[in-house]
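Below: the structure, in structure tokens.
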Ligand code: AHR
């Protein structure tokens, strides 16, 4: 859902990049003060039957890039390089009108349907078998939300049987007849999409949705008890209250493994600092939802964990259906995505899955123009996190200058998360310097163990905040540097409007 900003114009910031004098800051990390394990599923993605994401994106038999099954090899390569750990499909709003049996069997006999979420015609060329074999090719976990809008709990149950059961029953045999004997064993399933939203086909109130999701969940888990289920949390925070989450969880507490959150953000008032400050919202939503999860688990004595799946997030404010949601991202969007990733790493104890929406062309980190793939600015922070940020999230002390905008006061210019991976004894510090014109020199104190004498710094920056990439030019991308560490405390100068990832080893 594209949300309207509630922020008012307050400051207008130019795109000056003159680094006058550096500001000073302090960062302290102690690798013994861990927050929670960073789940690799934080680095997930999403492909919806929408615009040029599936047709003309991942799948395009007419392209010079197509493999024998019609899937683009360049998209597959860039997806692998991006480290996509889990891929959500087929929607989104699309799934609430989708009947999965339309998309199996011989392609020529599949029906064409009016698609009401985005106002198109769905040819059903890519369906369950095509998608699941695609996920296998790119070595990612598939994640399927079922249709709880116009669909039935029976359809949901049968979809699990089709994908996961050994042959011997009707839907598993149908899968075999369609060419796939071995079950796909899809572990992650969703119970509908954004069911709180009036824009959703078959939207429901919290009680009705909670009851329906519970009945679907029972049947799905009875078919395959090993699956993990995500229940729809509140997607439209400005239009509702967190009460939705409490009601829904109270119904489905015994079956839900995750509750979903969605968050779309952007520079809606053309005010850079307001945009950066608004990135506090995901953390506010995480904290509220974590509180409600704890309350429900305590009240009903639920032993098992329930986590947050942020299964849609991204920058989305420039384009609508007419533009097929083909946003072009700039440097500030890359900084916003890095800040979002910092928020979920800082809350790794409760956020265990996240999916940027979406993979290609549609609000996406990669685009195809004239049959050529290119990388948007937002590709690079995603790639850095998914490549390097694993192990334990580490509590990090940050003291830096702050700024005020209309709705947020005392916002730190530096936004930081960190991780320590005991497997390779590597500390990763993820630092966004949100200052529009000044570098910030931070004294970084390592409080436990002996750091190596040098480290690697990856930096994403560009001359102007509104710099974009294109099919011809990569203005915003990652550059690699090295830096020295002299003793327990060292200084690092974070350039204005940049994202930096510092990596070094610590021996205990
Ligand atoms: O990602 C685009 C759309 O945003 C999804 O279909 C929907 O779930 C959300 O509102």
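Numbering (my numbering), first residue to last: 725 to 1232.
Built from N, CA and C at the ideal position, the CB exists for glycine as well.
Please read all numbers here as calculations on a predicted model, not as lab measurements.
Euclidean distance between Cα positions of residue i and residue j
i, j, result
"residue 897", "residue 864", "25 Å"
"residue 988", "residue 1082", "12 Å"
"residue 1201", "residue 1092", "17 Å"
"residue 788", "residue 1009", "44 Å"
"residue 1070", "residue 1116", "10 Å"
"residue 1011", "residue 967", "14 Å"
"residue 757", "residue 1118", "6 Å"
"residue 1085", "residue 1226", "30 Å"
"residue 1192", "residue 813", "28 Å"
"residue 1194", "residue 793", "28 Å"
"residue 811", "residue 951", "16 Å"
"residue 873", "residue 917", "8 Å"
"residue 754", "residue 1147", "17 Å"
"residue 739", "residue 1161", "In this prediction, residue 739 scores a pLDDT of 36, lower than 50, which makes its location untrustworthy; no coordinate-derived value is stated."
"residue 725", "residue 903", "With a pLDDT of only 40 at residue 725, under the threshold of 50, the placement of this residue in the model should not be trusted, and no figure is reported."
"residue 928", "residue 940", "15 Å"
"residue 862", "residue 834", "26 Å"
"residue 906", "residue 848", "23 Å"
"residue 1094", "residue 790", "14 Å"
"residue 1015", "residue 1196", "47 Å"
"residue 1159", "residue 995", "13 Å"
"residue 1017", "residue 1028", "11 Å"
"residue 1124", "residue 915", "42 Å"
"residue 1214", "residue 946", "56 Å"
"residue 887", "residue 894", "12 Å"
"residue 1044", "residue 1050", "8 Å"
"residue 1128", "residue 745", "20 Å"
"residue 975", "residue 885", "24 Å"
Top-ranked residue by Cα proximity to residue i, from the options
i, options, result
"residue 999", "833, 1077, 1057, 1151", "1057"
"residue 1006", "1020, 962, 1229, 1088", "962"
"residue 959", "805, 969, 1019", "969"
"residue 1198", "1054, 1106, 1095, 1144", "1054"
"residue 807", "1062, 1108, 1139", "1108"
"residue 774", "1046, 941, 1019, 749", "1046"
"residue 1165", "1147, 856, 1122", "1122"
"residue 1168", "1182, 1162, 1159, 1216", "1216"
"residue 1130", "1103, 748, 1001, 1023", "1001"
"residue 796", "831, 1097, 921", "1097"
"residue 1090", "759, 770, 749, 761", "770"
"residue 912", "831, 1033, 1029", "1033"
"residue 993", "1048, 1042, 790", "1042"
"residue 1105", "751, 1095, 927, 1066", "1066"
"residue 955", "1144, 920, 804, 1145", "920"
"residue 759", "868, 894, 1073", "1073"
"residue 876", "938, 832, 1061", "938"
"residue 1233", "1157, 978, 946, 1204", "No answer is possible for residue 1233: the residues shown for the chain start at 725 and end at 1232."
"residue 752", "1212, 1134, 1120", "1120"
"residue 1021", "981, 1044, 886, 986", "981"
"residue 1143", "747, 762, 750", "762"
"residue 1023", "1218, 1203, 971", "971"
"residue 1182", "1163, 859, 1212, 1218", "1218"
"residue 750", "1157, 852, 853, 892", "1157"
"residue 908", "925, 854, 922, 924", "854"
Any non-hydrogen atom of the ligand NAP within 7 Å of residue i CB
i, result
"residue 952", "Summarising the ligand content, the structure contains the ligand AHR and does not contain the ligand NAP."
Check whether residue i and residue j have beta carbons under 8 Å apart
i, j, result
"residue 973", "residue 983", "yes"
"residue 1141", "residue 1126", "no"
"residue 1063", "residue 1139", "yes"
"residue 880", "residue 943", "yes"
"residue 809", "residue 856", "no"
"residue 1132", "residue 1052", "no"
"residue 829", "residue 1078", "no"
"residue 1080", "residue 1038", "yes"
"residue 1171", "residue 1229", "no"
"residue 910", "residue 866", "yes"
"residue 1036", "residue 986", "yes"
"residue 1114", "residue 1075", "no"
"residue 1102", "residue 1061", "yes"
"residue 1173", "residue 1232", "yes"
Do three or more CB pairs link the region 1142–1153 to the region 778–797 at distances below 8 Å? Contact between the region 1142–1153 and the region 778–797 is absent, because fewer than three Cβ pairs lie under 8 Å.
Stretch-stretch touch, CB-based, cutoff 8 Å, three pairs: the region 1185–1192 with the region 1212–1223: In this structure the region 1185–1192 touches the region 1212–1223; the number of beta carbon pairs closer than 8 Å is three or more.
Does the structure place the region 1167–1182 close enough to the region 1199–1213 that three or more beta carbon pairs sit under 8 Å? With three or more CB-CB distances shorter than 8 Å, the region 1199–1213 counts as touching the region 1167–1182.
Do the region 822–835 and the region 792–801 touch if we need at least three Cβ pairs shorter than 8 Å? By the Cβ test, the region 822–835 is not in contact with the region 792–801, since fewer than three Cβ pairs between them sit closer than 8 Å.
With a threshold of 8 Å, are at least 3 pairs of Cβ atoms found where one atom belongs to the region 807–822 and the other to the region 831–842? The region 807–822 makes contact with the region 831–842; the number of CB pairs closer than 8 Å reaches 3 or more.
Between the region 890–907 and the region 930–944, do three or more beta carbon pairs fall short of 8 Å? Flag = no, the region 890–907 and the region 930–944 do not touch.
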